[in-house]
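Undergrad: My questions all concern the structure below.
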Amino acid sequence: MVSLSWLMVLSAAIFAIGVAGFLTRRNILVMFMSIELMLNAVNLAFVSLGSRMGTMDGQVIVFFVMTVAAAEAAVGLAIIISIFRSRETVHADDLTLLRW
Amino acid sequence: MPAGLFWFLAALSVLSALGVVVQRNPVHCLLSLVLTLLAIAVLFIGQDAVVVGFLQAIVYAGAIMVLFLFVIWLLNLPAESRPTGHLALRFFGAVAVAALMAELLVFALPARLQIRAAAHAAGYGSIEALSQTLFSEYLIAFEVTSVLLLVAVIGAVALARRTTAAEMQERGAADKAEIEKAA
Amino acid sequence: MIELVVGAIEAILMVLIGLHLAIFLLYFERKGSALIQDRVGANRAAITGFGRKLGLPNLGIVNTLVADPLKLFTKEDFVPDGADHFLHGLAPFLALFPVLITFVVIPFGDTITVGGYTFNLQAANLNAAALYLLATIGIGVYGVALGGWASNNRWALLGGIRATAQMISYEIAMGLALVSVIMTYGTLDLQEMVRAQGGVWFGFLPRWGIFVQPLAFVLLLTAGVAESKRVPFDLPEGESELILGYMVEYSGGKQAAFMFTDFAEQALTAMMLVTFFLGGWQVPWLYRDGFHLPGGHLIAVAPLAVSLLGVVSFLVKVVVLCAFLGLVRWTLPRFRYDQLMRLGWKGLVPLGLANILVTAFIVVAAGGTH
Amino acid sequence: MNVEFAALALILVFPALGVLFNMFLGPRLGRKAVNVAGPGVMFLSFAVATVAFLRILAMPEGSALYFTLWRWIEAGQFHVELGLRVDALSAVMVMVVTGVGSFIHLYSVGYMAHDEDYARFFTYLNLFAFSMLILVLADNLLMMFVGWEGVGLCSYLLIGFWYTNPEFAYNGRKAFIVNRIGDAGFILGILTLLSALARHGVWTLDFAELKAHASMIGPSAATAAGLLLFLGATGKSAQIPLYVWLPDAMVGPTPVSALIHAATMVTAGVYMVARLNFMYMLAPDAMAVVATVGALTAFFAGTIAIVQLDIKRVLAYSTVSQLGYMFLGVGSGAFAAGVFHLMTHAFFKGLLFLCAGSVIHGLEGEQDMNKMGALRHHMPITFWTMLIATLAITAVPGFSGYFSKDLILEGAYESGHFRLWLLGAITAGITGLYMFRLIFMTFFGESRVEPDKLHHVHESPPVMTIPLIVLAVLAAVGGWVGLPDGLLWGDAFARFLAPVVGDFKPAVEASPAMLSAVATGLGGIGILLAYVCYLRMPGVPALVAWRAKGLYDLLLEKYRIDELYDLVVTRPLFFFSNQILNRGVDRMVIDGAANGAGLAVETGGELARRVETGNVQHYALVYLLGAIAIVAYYLYLVIR
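Chains as they are written, first to last, in my numbering: chain L, 31 to 130; chain X, 9 to 191; chain E, 78 to 447; chain S, 232 to 871.
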């Protein structure tokens, strides 16, 4: 039986990686993927804790996270597409129109 | 779940996650991400969260990620020439991430995780158990989520659908009217 | 321990069954089509006229089962310039692998007892096998998609996109069909489902799923064919406009893998249909102790024989269904892409939803599954 | 006894409906609809008022009708209901307002027949009637004040009705501002009264309750409140020192002058004093002030009226003078007499204005009496009715003015104000002089009408003359409700009002006959003087003017009161406002503060906006820092 701690560490690690990716990648799509990474890290934490406590709640929450992620992906990607249509780029630091 | 499996999956997921972050080619990033998702899905199943695990594979890996793939193709993205130009951002980002990681690790210490391990009831993680919970105490949330999905679909269509020439024209006319009004 | 070994053996066995079915389909592709189109078909390669010496008609078995693979695997493995080498090589197996691992959850027989040991004739007895099916099929998309993308070829990419869109679209229809089935049987375990299909109604009608869920059967059949990208849903290949689509830049073993994937998927579809709707390994009127004929009298059969009969019936059903699919493949014309999508989204999906609704009502009316 | 009578609300509702109708539908539905609706609503509420009045008559004396609409203000113990109350006093007022008002509305139909803005005109006119009725129906001071302000507004709107003429607009503003001064006094008066009673724990402005607790008010508070309220009255009723707006108000359409500036609004002050008689009785000083101001106003306005040439101005000053009479009456405690004169004055002065309007109408807007004369043949009805009104105002025995004016002078004398009585009596003579001067210059002598107008000088249409006749009858016989005691039914009017305003208690004995003889005699002299100067030997006035030039000019320039105000009030005010408030406070302090704030924000923004790089990842980094901080906090909680 794997100790909960290691699961937590793993989830933390993936989360951190996701954060790093979001901060350092220029491509919006990849940043988006990094967000998905973070989401999954959290999901992992939920499921691990839930299974440790023997409750279903963790899994239910994961279920919701998935649904929301799906919605988010649909809208987010649509936004990216429309951005690309108007600006011909998906590089985060070229998309700084909303600035001083 | 057997320790060996766990360590394998852990290594796999971390490495592939890194792959998402470091690889230049979006498609490769995507594949690494899919790999991570699958590894995590197996981790779920390994903890008796069978249904959620498979859902993860079906919904996340099977559907959402394909959507990403489509978008990558649609935009015909080239491999990223260079990572972000802001060195400061990268530096501080690295520091901040390290700090966060450290904090989280403190939480993950066994001493901090004093959770009494409870035995899994029969059918734990099965679709029955999930549904029971989902449709009893989380019913409202469930319904709201359905509405959310509907809205998302509509929004996505509204955003991504290409405007027809006629619409373009009338929009242009409207803008011209605006400008003339302003002038 | 021994269970593990047996399980492994069963898995390999199942995969082999799948592969052989695929090969059978390949053969049917050659000769069956000839039959349908009133041609002779493949009949050249014969091992030193062996068959002819015996005066047998040449069924072209040799060249479909031996010569074609031989030829394919000895062809040059060509990778186009500017292609993504790694993915180009990975893609075909990414496509084939999921299908093959899917076979292991299909129950091909009842529990069999040999020398005090009882084995479940199902390689991997997952309690969420139905979901597993969907999952693996979903993963299968990537092979095709990446194959198309990695070839650095417009036609290939278009084919890949078509294939991906088509597959995820029809996965939904398939999933919905499965949901209604699952609701009917109240379990995700395929073995359970098959067991549930034992016995008869009104003394003669086998309790097969097809009689309960005819609509789901049609849906799953259509979706399955679409999943396997066979005619009339073979737009991704679309020889006439995309010259084999995502496969265009493949040759040799890789292409063989791709083609195998299609055939294997077809076989898988057949197995799924059999398992869900045609009573899996169930033989009409055959129970543990033998045949209970509608008339009422009993023909005793030995338990082991019963089990083997089950396996045989399973195989027979699958083969027949495969043949049927091949028949379809050679009779129907190809859809246009918009027609395909319309059928998928405006035809199957709504039907599936309606089916789910009705099923749910009936299940609840019948007092739930438990 | 008090009876609830819901129909009272209708008296208000009809004019209100008229306002809405004329405002929104009038311009669309056209002149006919407005001509029906405008006067129609007035006649309707006149009918209701009559019903109420008859009920009052039927009931035992001292009884009242009331109807409470809803509670308007509630603050601690203090609360004000929107309550309507009709007792003897307000019954008289309502009858006057609705009755005279109705006929003047009717008259306006003819008078405004050629004006484009008829809809607006009737909107304002109905609005005025509405406000005035609120004023008289109110059962508490605050609601009365609402009406008070309302009529002020309408008067402003109607004086400046022809606002395209800047002078008219200016006069409108003048009236409004002068009234504001008075109204300030009115508010202060209300507050004084309220606080005086509140000191004894009585929080009310209801007239009945005020009367019940009158004893608590105390003389000093009563005096203060009385004077302040009277200041308001001087504003509204054009008394010294605030009468200056009324003559200028004559630039408004003549029906307005008749209705607002003769018959109803300007008498609001008198009504208020009569309404609060119980309080004024407690403040003899205030009463004395009221009486004195009244008498002086009567006299001075009269003298000014002698030399005016504009027919409406003459009437305006005579109005001021008559109002002075009324205040003399109420000021000397003869409230009934004051109100009585108010009523009769409403009749004959309204009539006078309408006749003047008819004349002006006939002469296409000519107001200068030097350009009139010998009109009696051209417009007989106007002539005769105006003559009746003039006889009434000059208190020729038998006509309405006679009875009321006599009662006032009698009251003045008997209350011990001998000088004031003398002033009033002399004013009676002056009245005769200037009124008959007006008659003679307008209708007698040889015509001085400009030749081009002469041939189409015409009598006004029936819609205008009918009101003239009706009012003429009233002006003639309206006074008979208050005959001298002992004669027929005696002073029924005073008896009717007694329960509300109390009986007049003479301080000095005098013989009424004697007094009235003196006043009437003086009036006769005045008439005779006018006859001599303006018919027999027209040269005299010019001669007098030349001889007593200083006096003449003084009168002609209205004692230079306007100039005085300009010097004492306006210029210093302008100077202070411009130099101190505008240059100093406004530009430097306030603008400085505003600009300073703006500058601070702007510079701050300039610095702060640098944070907005627009790069998502920068924001994300900050976000992450926040997350780290939060986690750190929880960490602290856990570890501790």
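Don't be surprised by glycine CBs; every beta carbon is placed ideally from N, CA and C.
Listed in chain order, which residues of the segment 359-377 of chain E have Cβ atoms closer than 9 Å to some Cβ of chain X?
TA: Correct list: empty, as no residue qualifies.
Undergrad: Can you list, in chain order, the residues of its chain with a C-beta nearer than 6 Å to that of residue 772 of chain S? Leave out the 5 residues immediately preceding and following it.
TA: Closer than 6 Å at Cβ, skipping near neighbours: 764.
Undergrad: Taking C-beta pairs closer than 7 Å, name the residues in chain L that residue 56 of chain X reaches, listed in chain order.
TA: The contacting residues are 81.
Undergrad: Work out the CA separation of residue 391 of chain S and residue 401 of chain S for me, nearest whole Å.
TA: Spanning the two alpha carbons is a distance of roughly 8 Å.
Undergrad: Taking contact to mean 3 or more Cβ pairs, one atom from each stretch, closer than 8 Å, check whether the segment 321-333 of chain S and the segment 407-424 of chain S are in contact.
TA: No: fewer than three Cβ pairs fall under 8 Å.
Undergrad: Examine chain E for any beta-carbon lying closer than 7 Å to the beta-carbon of residue 66 of chain X, and answer yes or no.
TA: By this cut-off, residue 66 of chain X is an interface position.
Undergrad: Using the beta-carbon count (16 or more within 10 Å), is residue 835 of chain S buried or exposed?
TA: Under this definition residue 835 of chain S is an exposed residue.
Undergrad: Which residues, taken in chain order from the segment 94-110 of chain X, show a beta carbon closer than 7 Å to some beta carbon of chain S?
TA: Correct list: 97, 100, 101, 104, 107 and 108.
Undergrad: Do three or more CB pairs link the segment 719-727 of chain S to the segment 598-605 of chain S at distances below 8 Å?
TA: No: fewer than three Cβ pairs fall under 8 Å.
Undergrad: If you reduce the DSSP assignment to three classes, tell me which class residue 310 of chain S lands in.
TA: Three-state result, residue 310 of chain S: strand.
Undergrad: Is residue 369 of chain S helix, strand or coil by DSSP?
TA: Strand at residue 369 of chain S.
Undergrad: According to DSSP, is residue 118 of chain L part of a helix, a strand, or is it coil?
TA: Looking at residue 118 of chain L - three-state DSSP - the assignment turns out to be coil, as it is neither helix nor strand.
Undergrad: Measuring alpha carbon to alpha carbon, tell me which of S:283, S:481, S:505 and S:247 ends up nearest residue 381 of chain S.
TA: Ranking S:283, S:481, S:505 and S:247 by Cα distance to residue 381 of chain S puts S:247 first.
Undergrad: Let me know the secondary structure DSSP gives residue 283 of chain E once reduced to three states.
TA: Of the three classes helix, strand and coil, the one that applies to residue 283 of chain E here is strand, per DSSP.
Undergrad: Between residue 484 of chain S and residue 493 of chain S, what straight-line distance do the alpha-carbon atoms span, to the nearest angstrom?
TA: C-alpha separation (whole angstroms): 13 Å.
Undergrad: Taking the C-alpha atoms as reference points, what is the distance between residue 714 of chain S and residue 322 of chain S?
TA: Computed Cα separation, rounded: 20 Å.
Undergrad: Using a Cβ-Cβ cutoff of less than 6 Å, which residues in the same chain neighbour residue 535 of chain S once the five nearest sequence positions on both sides are dropped?
TA: Taken in chain order, the residues that qualify are 548, 786 and 789.
Undergrad: Tell me whether residue 347 of chain S is buried or exposed, calling it buried when 16 or more other Cβ atoms sit within 10 Å of its Cβ.
TA: Result: exposed.
Undergrad: Should residue 366 of chain S and residue 499 of chain S be called a contact, given that it needs their Cβ atoms to be closer than 7 Å?
TA: Yes, Cβ-Cβ distance for residue 366 of chain S and residue 499 of chain S is below 7 Å.
Undergrad: With contact counted as at least three CB pairs below 8 Å, one residue from each stretch, are the segment 304-324 of chain E and the segment 336-355 of chain E in contact?
TA: Segments in contact, yes.
Undergrad: Give me the Cα-Cα distance between residue 396 of chain S and residue 586 of chain S, rounded to the nearest whole angstrom.
TA: Those two C-alpha atoms are separated by around 24 Å.
Undergrad: Under 7 Å, do residue 296 of chain E and residue 250 of chain E count as touching if we go by C-beta distance?
TA: Their beta carbons are under 7 Å apart, which means residue 296 of chain E touches residue 250 of chain E by this criterion.
Undergrad: Identify which residue in X:22, X:67 and X:164 has its Cα closest to the Cα of residue 212 of chain E.
TA: Answer by Cα proximity: X:67.
Undergrad: For residue 502 of chain S versus residue 374 of chain S, is the C-beta distance shorter than 7 Å?
TA: Not a contact, by the Cβ cut-off of 7 Å.
Undergrad: For residue 236 of chain S, count neighbouring C-beta atoms within 10 Å of its own C-beta (all shown protein chains included) and say buried if the count is 16 or more, exposed if not.
TA: Buried, because 16 or more other Cβ atoms sit within 10 Å of the Cβ of residue 236 of chain S.
Undergrad: Which residues in chain X sit within 8 Å of residue 7 of chain L, going by Cβ to Cβ distance?
TA: Here chain L has residues from 31 to 130 only, and residue 7 of chain L is not among them.
Undergrad: Check residue 98 of chain L in the structure and name its three-state DSSP category.
TA: Of the three classes helix, strand and coil, the one that applies to residue 98 of chain L here is helix, per DSSP.
Undergrad: Let me check one thing: in DSSP terms, what residues is residue 57 of chain L bridge-paired to?
TA: Per DSSP, L:121.
Undergrad: In chain order, what residues of the segment 834-861 of chain S put their CB closer than 8 Å to some CB of chain A?
TA: This model lacks chain A altogether; the protein chains it does include are L, X, E and S.
Undergrad: Could you please give me the residues that DSSP links to residue 375 of chain E through a beta bridge?
TA: Residue 375 of chain E is bridged to E:369.
Undergrad: Of all Cβ atoms in chain L, is any one closer than 7 Å to the Cβ of residue 36 of chain X?
TA: No, residue 36 of chain X lies away from the interface with chain L (no Cβ there is under 7 Å from its Cβ).
Undergrad: When you compare each of X:125, X:61, X:96 and X:36 to residue 163 of chain E by their alpha carbons, which one comes out closest?
TA: Measuring from the Cα of residue 163 of chain E, the nearest candidate turns out to be X:36.
Undergrad: By the DSSP assignment, the alpha helix (DSSP H) with residue 33 of chain X in it spans what residues?
TA: Looking at the DSSP string, residue 33 of chain X is not in any alpha helix (DSSP H), and its letter there is neither H nor E.
Undergrad: Run through DSSP, which three-state label would residue 735 of chain S get?
TA: Note: residue 735 of chain S maps to coil in three-state DSSP.
Undergrad: Let me know if residue 82 of chain L comes out buried or exposed under the rule of 16 or more other beta-carbons within 10 Å of its beta-carbon.
TA: The residue in question, residue 82 of chain L, is buried, as its Cβ has 16 or more Cβ neighbours within 10 Å.
Undergrad: Can you tell me whether residue 106 of chain E is buried or exposed? The criterion is at least 16 other CB atoms within 10 Å of its CB, across all chains shown.
TA: Burial call: buried.
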